[in-house]
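K.L.:
Mapping of the sequence shown onto full-length UniProt numbering: residues 1 to 128, in sequence order. Here it is, the structure, as structure tokens.
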Amino acid sequence: MGILLYTGGCKVRKNEAMEAILKERRQWMKEYALCSCLSLVGKQDTAFRNDISQTVYVEITDYSRTTKNNLYNAVDSLAYKAFNSITPTQIADYEGKKPYMMSCIEFSQSEELDSLIRRYDYQIQNNP
Numbered sequence: 001m002g003i004l005l006y007t008g009g010c011k012v013r014k015n016e017a018m019e020a021i022l023k024e025r026r027q028w029m030k031e032y033a034l035c036s037c038l039s040l041v042g043k044q045d046t047a048f049r050n051d052i053s054q055t056v057y058v059e060i061t062d063y064s065r066t067t068k069n070n071l072y073n074a075v076d077s078l079a080y081k082a083f084n085s086i087t088p089t090q091i092a093d094y095e096g097k098k099p100y101m102m103s104c105i106e107f108s109q110s111e112e113l114d115s116l117i118r119r120y121d122y123q124i125q126n127n128p
């Protein structure tokens, strides 16, 4: 009886560990999404062109990149959609300028992005 309880405890700890890994990787993917959106904003800015943040997030998140239908491509597509939907502000003092950073931050915290990332949990590489 003690062996069964011990084995069950290991399984619970393993599930908790995997959930912790998934939570961390999901957060990193949200940060990757923010970088993706901001890179679209700064295409002409050399500071953005030389930034390696997206590449670093690809390396640390460990989602599969072997197929064309991978999370990175899906997030980049959603970031492009979010970037193109940024509209000029209605605040008179800013003369119709677009709030790029604010919009990219909102995108990176959106339910739509969170849902997309969760759909790719199965692609996480199991080497934490």
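Beta carbons: idealized from backbone N, C-alpha and C, even for Gly. All of these numbers come straight from a predicted model, not from anything done at the bench.
1) What first and last residue would you give for the alpha helix (DSSP H) that runs through K81?
2) What residue from K81, L71, Y80 and N50 has the CA that sits closest to R25's CA?
3) Can you tell which of I21, A33, A17 and E19 has the C-alpha that lies nearest to the C-alpha of E111?
4) Give me, in chain order, the residues of the same chain whose beta-carbon lies closer than 6 Å to that of S39; leave out the 5 immediate sequence neighbours on both sides.
5) Where does M102 land, buried or exposed, given buried means 16+ other C-beta within 10 angstroms?
P.N.:
Based on what the coordinates show:
1) L71 to N84
2) L71
3) A33
4) F48
5) exposed
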